[in-house]
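Residue numbers (the working numbering), protein chains in the order written: chain V, 1 to 323; chain E, 324 to 646.
Right under this line is the structure:
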């Protein structure tokens with residue numbers, strides 16, 4: 001049943017022994033939202049636990065988590081935050097799939113699996129909704145809750161750069177900074193700093209950068225060898241697919257990622273003009289207009305040629321947008 | 324004479340035929356502040372001109388400038404925005420040095436060269452002050468003024484990431500987004516996009532990346548050959564000196580820039596613990612605690628060794644902050 005934040009606050013005020021669920025492969029928004037809510041409910045004297053199928057990365061844990069006694073209690077009320085569908089619970093949390101009382105989310109694709117669901121797709125981050133919810137709970141924001149909310153806003157908007165950012169996002173950022181959010185340190189830790197392994201992968205990946213069609217197409221390649229040589233983990237490759245699109249004049253950015261079986265996972269990012277989803281569907285894949293993908297079981301050179309051949313007619317239909 | 328924004332607004336209301344001066348090597352804040360003020364004064368029916376010693380880069384001009392008739396008129400009132408001292412006027416604008424009626428600035432080092440000076444060092448950008456000033460002038464913010472203000476905020480705070488960012492910065496960002504600022508496009512153009520030449524320099528520079536002292540020191544080198552090979556301009560190297568400090572565990576980032584005469588301009592960025600200014604003064608240079616520089620007239624290898632030798636005792640005094 002769809003409901004609003006006011007009713008959600010009423011439900012939470014009456015709830016005891018609350019479990020808060022975050023989505024698998026947790027990011028700044030699901031964790032920031034979950035921990036801010038956890039701390040707010042704790043301030044109301046409730047017992048709370050936060051659960052996630054995957055380990056909580058140290059970069060979030062260090063400022064979101066507070067010391068607590070790990071006494072076990074069974075849940076009487078279960079809340080899911082930033083989880084669009086039940087699959088995103090991950091394996092460990094499937095046990096709660098039929099007993100989620102409340103879901104707070106901002107994904108338009110939310111499947112409405114919970115007893116009560118608050119979805120606001122105009123929110124840039126679920127953390128925006130949690131900020132309002134904490135106000136409705138009558139809890140004063142402390143600096144730890146402020147840090148958590150800020151982390152959610154900042155990571156889900158790419159540091160206030162993505163098009164989902166609104167005036168409301170900035171107003172909430174202002175409020176949590178007033179409440180003591182350590183915004184500079186959070187941005188540095190979550191947006192700026194790169195592991196040495198990531199830096200080394202990036203160096204190698206940049207060396208693979210090749211331009212085609214008068215620099216309108218840029219192609220990057222991440223090989224298994226690069227991962228072996230640098231020791232970089234999969235999650236340290238985040239954002240590399242966005243690199244080619246940042247080059248002025250590049251209309252199509254292509255990233256090839258070699259899989260352990262030697263095939264290539266292809267990711268296509270396009271600016272206005274080329275429909276990435278159409279291109280990828282011709283190669284057996286699919287996706288969105290500006291970001292799509294496909295899998296190619298062939299050698300690297302053959303894969304690049306296949307993509308370029310498929311792209312050619314699309315590029316011929318649109319103007320070169322060099323300045 | 325120091326004054327406040329309210330008095331500045333009174334002066335501007337009475338002024339006619341206003342020249343607005345921006346600093347040389349113009350950035351998003353001096354131009355965003357200058358053009359927002361220009362458009363606001365034009366909305367009050369005043370004749371205005373904006374002057375800068377250097378050419379206004381296309382990335383700013385395209386959204387800040389509006390078409391206008393270029394009829395000449397002599398200035399009756401001269402305003403300087405975001406200009407801390409007269410030297411920053413550049414050569415072309417020295418002719419106005421003794422007749423600046425009003426200066427609006429946020430640099431604590433402002434020398435007070437104008438007849439009336441408004442300096443607020445708590446403002447992250449001069450654009451924050453111009454936003455307030457436009458309100459005091461009774462002018463309704465249009466979307467072009469909003470774009471200009473946003474550009475000033477965003478560039479002077481590195482996209483709301485630097486420690487100068489405050490709740491006020493975010494509140495003004497919210498207001499200018501409400502007034503129609505095209506924030507996503509501005510951030511993409513001013514913070515994200517890189518010229519192909521810059522990308523190529525970055526690739527070569529990353530290949531020069533070397534680590535010392537158990538990865539606590541990272542050294543980058545930009546040679547004349549790299550610039551020749553890529554055709555990158557000096558202003559396309561912005562931000563490269565900040566790269567090493569973004570690597571986790573790196574406490575000191577060193578960037579060497581080969582000069583046309585073969586000497587090296589060294590820039591040192593440090594995290595807490597190492598005083599960059601002390602290190603550089605031992606090598607004949609100086610600067611701030613976290614960012615300093617010096618010039619070394621020697622071969623590249625010798626320059627790197629000289630820096631490492633000077634750094635050693637400092638590193639021995641502080642703990643390795645690896646996680």
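Yeah, the Cβ is synthetic: ideal placement off N, Cα and C, and Gly gets one too.
Ranges of the alpha helix (DSSP H) found wholly within the region 75–156 of chain V, counting only runs of at least 4: 126–136 and 143–156
Within-8 Å CB hit, residue 361(E) to chain V: no
Cβ pair count under 8 Å reaching 3, the region 306–322 of chain V against the region 424–443 of chain E: no
Which listed residue (562(E), 583(E) and 585(E)) has its alpha carbon closest to that of residue 577(E): 562(E)
Contacts of residue 490(E) in chain V (Cβ-Cβ under 7 Å): Residues of chain V passing the Cβ test: 174, 177 and 178.
Boundaries (first-last residue) of the beta strand (DSSP E) holding residue 575(E): Element bounds for residue 575(E): 575–581.
Members of the region 191–213 of chain V that neighbour chain E once the beta carbon cut-off is set at 8 Å: 191, 192, 193, 194, 195, 196, 199, 202, 203, 206, 207, 209 and 211
As assigned by DSSP and simplified to three states, the class of residue 165(V): coil
Candidates 394(E), 363(E), 343(E) and 396(E): closest to residue 375(E) by CA position: 343(E)
Assigned exposure category for residue 38(V) - 16 Cβ within 10 Å defines buried: Burial call: buried.
Extent of the continuous alpha helix (DSSP H) run through residue 280(V): 276–282
Distance CB(residue 89(V))-CB(residue 24(V)) smaller than 8 Å: yes
Residue 285(V) to residue 311(V) span [Cα, whole Å]: 14 Å
Cβ of residue 571(E) within 8 Å of any chain V Cβ: For residue 571(E), at least one C-beta of chain V is nearer than 8 Å to its own C-beta.
Members of the region 95–114 of chain V that neighbour chain E once the beta carbon cut-off is set at 9 Å: none
Residues near residue 323(V) in its chain [Cβ-Cβ closer than 6 Å; skip 5 each side]: Confidence at residue 323(V) is low in this model, with a pLDDT of 44, below 50, so its placement is unreliable and no value can be given for it.
Backbone secondary structure at residue 609(E) - three-state DSSP: strand
Any C-beta of chain V under 8 Å from that of residue 494(E): yes
Residue 99(V), buried or exposed, once every other Cβ within 10 Å from all chains shown has been counted against 16: exposed
Residues that residue 486(E) contacts on chain V, provided the C-beta gap is smaller than 8 Å: In chain order: 184.
Integer-rounded CB distance, given that residue 69(V) should sit under 8 Å from residue 104(V): Not a contact, Cβ separation roughly 26 Å.
Length-filtered (3 minimum) beta strand (DSSP E) runs lying within the region 199–239 of chain V: Taken in chain order, the complete beta strand (DSSP E) segments of 3 or more residues contained in the region 199–239 of chain V are 210–212 and 217–222.
Residue 215(V): contacting residues in chain E (beta-carbon distance under 7 Å): Chain order gives the chain E residues near residue 215(V) as 519, where near means a beta carbon separation below 7 Å.
Top-ranked residue by Cα proximity to residue 42(V), from 294(V), 320(V), 31(V) and 16(V): Distances from the alpha-carbon of residue 42(V) to those of 294(V), 320(V), 31(V) and 16(V) put 16(V) closest.
Min CB distance residue 562(E) to chain V below 8 Å: Residue 562(E) has a beta carbon lying at 8 Å or more from every beta carbon in chain V.
Burial state of residue 395(E) (16 or more Cβ within 10 Å): The residue is exposed, with fewer than 16 neighbouring Cβ atoms inside 10 Å.
Chain B contact for residue 483(E) (CB, 8 Å cutoff): Among the protein chains of the structure shown, namely V and E, there is no chain B.
Inter-stretch contact (C-beta, 8 Å, three-pair minimum) for the region 146–165 of chain V and the region 499–509 of chain E: yes
Distance between beta carbons of residue 479(E) and residue 351(E), contact taken as under 8 Å: Taking a contact as a CB-CB distance under 8 Å, the pair residue 351(E) and residue 479(E) counts as one, their CB atoms being some 7 Å apart.
Interface partners of residue 510(E) on chain V, CB under 8 Å: 160 and 161
Touching by the beta-carbon criterion (3+ pairs, under 8 Å), the region 487–503 of chain E and the region 522–542 of chain E: no
First and last residue of the uninterrupted beta strand (DSSP E) at residue 334(E): Per DSSP, residue 334(E) belongs to no beta strand (DSSP E); it is in the alpha helix (DSSP H), 328–337.
Proximity winner among 498(E), 332(E), 441(E) and 435(E), relative to residue 466(E) (alpha-carbon distances): 498(E)
Extent of the continuous beta strand (DSSP E) to which residue 367(E) belongs: Unbroken run through residue 367(E): none, as it is neither H nor E.
Extent of the continuous beta strand (DSSP E) run through residue 382(E): Here residue 382(E) belongs to no beta strand (DSSP E); instead the alpha helix (DSSP H) covers 381–387.
Span of the alpha helix (DSSP H) around residue 510(E): 506–510
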